[in-house]
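Here is the structure we will look at.
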Amino acid sequence: PQAIYRKDYVAPGFWVDTVEMGLDLGLEQTYVATRMTLRRNPDSTEKDIVLFGDGLKTLQLRLNGVNLKKSQYSIQGETMRIPDAPDDVVLEIETLIQPVKNTALSGLYASAGNLITQCEAEGFRRITWFPDRPDVMAKYTVLLRADKKAFPVLLSNGNLIEEGDLGDGRHYAKWEDPFFKPSYLFAIVAGKLVCQEETFRLQDGRDALLQVWVEPGNLDKTDHAMQSLKKSIRWDEERFGLELDLDRFMIVATGDFNMGAMENKGLNIFNTKYVLANPSIATDIDYAGIESVVGHEYFHNWTGNRVTCRDWFQLSLKEGLTVFRDQEFSADLVGTATGRAVKRIEDVRVLRQVQFSEDAGPMAHPVRPDSFVEINNFYTVTIYEKGSEVVRMYYTLLGHDGFRKGMDLYFARHDGQAVECDDFRAAMADAGGRDLTQFERWYSQAGTPRVHASAVYNADEKTYALTLTQSCPATPGQAEKLPFHIPVTVGLLGADGRDLPLHTDGAQAGQTSVVLELTEASQTFVFRDVAEEPVPSLLRNFSAPVVLHFDYSDAQLAHLLAHDSDPFNRWEAGQRLATRRLVKLTQAVQAGEALALDEMFLEALRNTLNDTTLDPAFRELVLTLPSELVIAEEFDEVDPQAIHTARQYARAAISDALRGDLLTAYENNLTPGAYSPDAEPAAKRALKNLALSYLADWPQQATFELALTQFDEAENMTDRLAALHALVNFKGDPKLKKAADKALAQFYKKFAKEALVVDKWFMLQAVAETTDVARVRELMQHPAFTLNNPNRARSLTFSFCNANPSQFHAPDGSGYALWAELVIALNKINPQVAARLARSMDRWKKYSPALQQKMKAALEKVAGTKKLSKDVAEVVTKALA
Ligand code: DPP
Ligand code: ZN
11 PQAIYRKDYV
21 APGFWVDTVE
31 MGLDLGLEQT
41 YVATRMTLRR
51 NPDSTEKDIV
61 LFGDGLKTLQ
71 LRLNGVNLKK
81 SQYSIQGETM
91 RIPDAPDDVV
101 LEIETLIQPV
111 KNTALSGLYA
121 SAGNLITQCE
131 AEGFRRITWF
141 PDRPDVMAKY
151 TVLLRADKKA
161 FPVLLSNGNL
171 IEEGDLGDGR
181 HYAKWEDPFF
191 KPSYLFAIVA
201 GKLVCQEETF
211 RLQDGRDALL
221 QVWVEPGNLD
231 KTDHAMQSLK
241 KSIRWDEERF
251 GLELDLDRFM
261 IVATGDFNMG
271 AMENKGLNIF
281 NTKYVLANPS
291 IATDIDYAGI
301 ESVVGHEYFH
311 NWTGNRVTCR
321 DWFQLSLKEG
331 LTVFRDQEFS
341 ADLVGTATGR
351 AVKRIEDVRV
361 LRQVQFSEDA
371 GPMAHPVRPD
381 SFVEINNFYT
391 VTIYEKGSEV
401 VRMYYTLLGH
411 DGFRKGMDLY
421 FARHDGQAVE
431 CDDFRAAMAD
441 AGGRDLTQFE
451 RWYSQAGTPR
461 VHASAVYNAD
471 EKTYALTLTQ
481 SCPATPGQAE
491 KLPFHIPVTV
501 GLLGADGRDL
511 PLHTDGAQAG
521 QTSVVLELTE
531 ASQTFVFRDV
541 AEEPVPSLLR
551 NFSAPVVLHF
561 DYSDAQLAHL
571 LAHDSDPFNR
581 WEAGQRLATR
591 RLVKLTQAVQ
601 AGEALALDEM
611 FLEALRNTLN
621 DTTLDPAFRE
631 LVLTLPSELV
641 IAEEFDEVDP
651 QAIHTARQYA
661 RAAISDALRG
671 DLLTAYENNL
681 TPGAYSPDAE
691 PAAKRALKNL
701 ALSYLADWPQ
711 QATFELALTQ
721 FDEAENMTDR
731 LAALHALVNF
741 KGDPKLKKAA
751 DKALAQFYKK
761 FAKEALVVDK
771 WFMLQAVAET
781 TDVARVRELM
791 QHPAFTLNNP
801 NRARSLTFSF
811 CNANPSQFHA
821 PDGSGYALWA
831 ELVIALNKIN
841 PQVAARLARS
851 MDRWKKYSPA
861 LQQKMKAALE
871 KVAGTKKLSK
881 DVAEVVTKAL
891 A
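Under UniProt numbering, think of the first position of the sequence shown as 11, with each following residue one higher.
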C-alpha cells in the first residue's frame, strides 16, 4: 500500500462554499443527491477539481447543469479528477449507497434498525463524491426524507429549519448548519429514538436546547450524560471563555461504533459505552469515562470544529489539545489537590502503559506524523495522549494565565480556519513572549526521551548541583534525535520531609518547586544555600513525557513516598520501589530461586494504606502494583509467564502481610446508602475493592464468603463487578470454583439484555488468570458473542490479546494463531477494528527467540492474506519491517 506524505500537501484547487444534500433514507438503499458550489482557489498549483469517493454507485454527475461525459473526468482508486473546469462551478451528483451492507461502520450504516453516520476521517466519501479533506470547509443544508414508521426521528447538524409530512407514509426534515465545516463533521441520524431534553441558560443569556438521544428502553440511563454535558458547557465558559455557538446541541448513542465518540457539529454521535449509565449497569470508572468523553466531544466544538486541521497530519492539533482540555475538566470537577493528582496519575499510567510502548515499537510516529498509509491507523495514543502532554508542557512553561492568553490568541487568529500544529505553537510563543522554536521537536521527533539525573551536594559551599542529561532512542525512519525542550519541575526535600526553599535561577523567594528548562544534551543546575543534603523530587506532576532515571536508594524513595508535597511523585516513589522488586522477583522466577518480599517495602505500603489522612483514591493507586505490561518494559527480553508469576507472588505476599490492615480498609470504606458516582464515594469503593482483590489472593473460605456476600448484596455495578472479579480469580479450594461459576452464570442471566454489561462479563473472563486460548475459543461460541459488533469483539478478543499476557503468549503459539484468525476474520468485516487488533503483535521483537518465531509466522500469515485492507496491511507490514 502507498504512503502519503505531509511534505506533499497542496492546497485544494477549488473551495466549496455551499453543499445542499437530499437523502432518501432506507436501510437497504439510500439515495443521495448533492449540489455543491465550487470556486477556483487561485493560490493553488492544483488546477483540477479533485473529488474522492469510495464504494459509491454513481447515478448522475452534472457540471453547471450539463451531464459530464466519461471523457470529461477520470477515476483512479478513490480519486476523481475533473480537468478544465471554469472558475465557478455547480456540481450535482447523485449516488446510491447500501447502509446494511456497510459493516465497516464508516460512512452511512445501519445500527439496530437505525441509520447512523461516521465521517471522520474519510467516511464522507462513502456517501457522495466530495473534496473530502479537512481544509475544505463549507456550509451545509441537509434534507432528509424517510418512512415515518421506520424512521420517526430525522437529525442532522445545526438547526432544524423545516419538517413536515410527505403524504405517502413518509416525512421530511430540513437541517441547516450556519457554520462552515469540513466534511468529516457531517452527520445524520435517522430511526426510532427517544430523548431526554433540557433547556440550558448559557452565560451570555441565550437558551440552548440540549438533547440526549437513545434507543427506546434506555431513557433511564441518560441522566449522567446530560449532567456531564451541562458541566462541560459551563466549564468551557468559565475556564476558557468559550460559549456554545448553536441553539441546539444533540448527543446520540449507538451500540455499533468503531471509536469512543464523534464531535460532529451540533450532533455528537457516541458509542453507548460513553452515554448510558445507571448505578445497576455502570461502574464508577464508566461514570468517569462518560463525563470525560462528553466533555471531550463538547470541547471539540472549539478545538477541532471552529478551528480545524489543515490536513490529517495535524490531527493532534485538535486531539492533543482536546484531551488536555478534557483532562483539566475532570481534574477541575474534583477540585481538591489530591483529586487532581489522582486524575493525573491515572492519565500518566495510560500514557506509560500504552503510549511509551507504541513509541518503542514499529508504529512509533511523531505527534505530527510525516507520512501514513491509512489515516485511521493514526488515531493513536501518541496523537491523543502524548499530544496532550505536549499541550500540557506549554501550560507548565507559560503558567495558568500565560496558557489562557495563548488560547485566546489562537482563537483570535484562527477562528473559522483549518490550521497546523505550528500555528498553535506560534500563538503560545507570541502570547507568552517565548521562543518556542526548539519546542517544535516534540512534534517532529518520535520516541520517548530519556533524562538521566545525577547530583552532587557540596556541604562546605551548601550547593546542590543537579545535572540532567537527555537522549532519545532511535525510531523507524529517525536514527538520530536532537535535544528536546524539556520542562523538569523540581523540588528538594529535607530530612524532616519538608520542601527546602529553593535558591536558583528562575526561582522566586519562598518557592519550593521550580521548572528547570532542559534544552541541551546535558545541563547542570545549581541550587544555593542548601542547608543539608536533600532528596530530590524530580519531574513533579510528571512535567514532561519522558523516562527519568535517578539513582535513588530505597531509603530515599521511602522518604519521598512518605513525605513529598507533590502527590504525583509520592505515588511515583512507591511505583519505583515496587518496580525494582518486581524486576528482581521476575529474575528469581526465571532462575528458579526462592521468592521473597522485604519488610521495608511491605512497611511502606502498610503505612500508606493505614494513613487515613490520605485520599482513599490515592492510597488505592499506591497499593496497586505496576501492571505486567509496565514491568515488561523493564526487560530487553520479555518473559510474560515469569512476570505474571512474580507479580502474583508479590500480591499474595502483600495480602499475607497486610491482611489485618486490608480488612480494616475494607470495613472502613463501605459506602452505605444511595449510590453516587462522585469522587468521594468512588474513591472509597476503589480502595475497598482493591482490598477485596488482595484478600481474594489469600485462599481462605472467609474471604471467598466476603466476596460472595458483596456480590449478592451489591446495589451498584462497581461493587458487584469487583466482587465477581474476586470470585473468578479466587486462588483457594477448587470446590469454591463451582460457586464462582454459579455467580458468573447468575450475573449473565440478570444482565443478558444489557449489552454493555454483557461486554463486561466477557471482558472479566478474557482477562482472568485461568482463561487460556481454549477457553476464549469456547466463549467465542457463546450465543451472545459476535465479531460484527466492535464493543463485543473488543470485550473478549482484544482484552485477551492485550490484557492477559501470560495466557496470550502461551509457549505453544496458540494465542498467536487465534490472533491471526481473528485479524483475518475482522479484516473482512471492519478493517479499522481489525487493524486495532493487529497492533497486539507490535512488540514481537521483545520476546524470546522461540516466541518471536511463532509471532512472526502469525504476522506473515496475516500479511499474506488476500484482499487485505490498507488498514491491516500497514500495521503488519510495519511490524515485519
Ligand atoms: N474525533 C473523534 C474523537 O476523538 C475520533 N473518534 O473524539
Ligand atoms: Zn477527539
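Note that beta-carbon positions come from the ideal geometry of N, C-alpha and C, so glycine has one too. Every value quoted in this text rests on a predicted model; they were computed, and no experiment measured them.
In this structure, Ile355 is the residue among Ile355, Gln533, Gly602 with its C-alpha nearest to the C-alpha of arginine 629. For valine 833, the enclosing alpha helix (DSSP H) has its first and last residue at 824 to 839. Out of Tyr150, Ser193, Phe267, Leu673, the CA that lies nearest to the CA of lysine 184 is found in Tyr150.
Going by DSSP, glutamate 356 is part of the alpha helix (DSSP H) stretching over 347 to 360. Proline 188 and glycine 345 have their C-alpha atoms spaced approximately 36 Å apart. Nearest C-alpha to isoleucine 126 among Glu725, Asp97, Lys202: Lys202.
Under the three-state reduction of DSSP, glutamate 527 is assigned to strand. Not one heavy atom of the ligand DPP sits closer than 8 Å to the Cβ of lysine 594. Contact between arginine 460 and glutamine 480 holds, since their C-beta atoms are separated by about 7 Å, short of 8 Å. When rounded, the separation of the alpha-carbon atoms in valine 20 and glutamate 338 is 36 Å.
Threonine 127 has its CB no nearer than 8 Å to any heavy atom of the ligand DPP. Relative to the ligand DPP, methionine 269 has its C-beta within less than 8 Å of a heavy atom. A distance criterion of 8 Å places the beta-carbon of glycine 299 beyond contact range of the ligand DPP, judged by its closest non-hydrogen atom. It is roughly 6 Å from the alpha-carbon of alanine 827 to the alpha-carbon of alanine 868. Distances from the CB of tyrosine 389 to the heavy atoms of the ligand DPP include at least one below 8 Å.
Per DSSP, the beta-bridge partners of alanine 120 are Leu125.
Leaving aside the five residues that flank leucine 219 on each side, the residues in its chain whose CB is nearer than 7 Å to its CB run, in chain order, Glu207, Thr209, Asp257, Arg258. For the alpha helix (DSSP H) assignment, the uninterrupted runs of no fewer than 4 residues enclosed by the stretch 427 to 477 are, from N- to C-terminal side, 431 to 442, 451 to 454. When rounded, the separation of the alpha-carbon atoms in arginine 787 and aspartate 822 is 16 Å. The C-alpha of glutamine 108 lies about 14 Å from the C-alpha of phenylalanine 134.
Separation of alanine 755 and leucine 229 (C-alpha to C-alpha, rounded to the nearest whole angstrom) is 27 Å. Distance between tryptophan 854 and leucine 639, taken at the CA atoms: about 13 Å. Taking 8 Å as the cut-off, the C-beta of glycine 133 does not count as close to any heavy atom of the ligand ZN. Distance from the CA atom of threonine 499 to the CA atom of asparagine 124, rounded to whole angstroms, is 51 Å. The stretch 721 to 774 is shown to contain no whole beta strand (DSSP E) run of 3 or more residues.
Considering only Leu705, Ala156, Leu766, Phe761, the residue with the shortest C-alpha distance to glycine 742 is Leu705. No heavy atom of the ligand ZN is found nearer than 8 Å to the CB of glycine 276. Beta-bridge analysis with DSSP links tryptophan 25 to Arg49. Closest in C-alpha terms to asparagine 268, from the list Pro289, Lys241, Asn387, comes Asn387. Your pair proline 372 and proline 486 checks out as a contact, with CB atoms roughly 6 Å apart and the cut at 8 Å. With fewer than 16 other CB atoms across the displayed protein chains lying within 10 angstroms of its CB, serine 532 is exposed.
Going by beta carbons, leucine 571 and alanine 583 fall inside the 9 Å limit.
A Cβ closer than 6 Å to some heavy atom of the ligand ZN marks a residue here, and those residues are His306, His310, Glu329, Thr332. The ligand DPP approaches glutamate 130 closely enough that one of its heavy atoms is under 8 Å from the residue's Cβ. For serine 166, the enclosing beta strand (DSSP E) stretches over residues 163 to 166. In this structure, DSSP gives valine 886 a helical state, which the three-state scheme calls helix.
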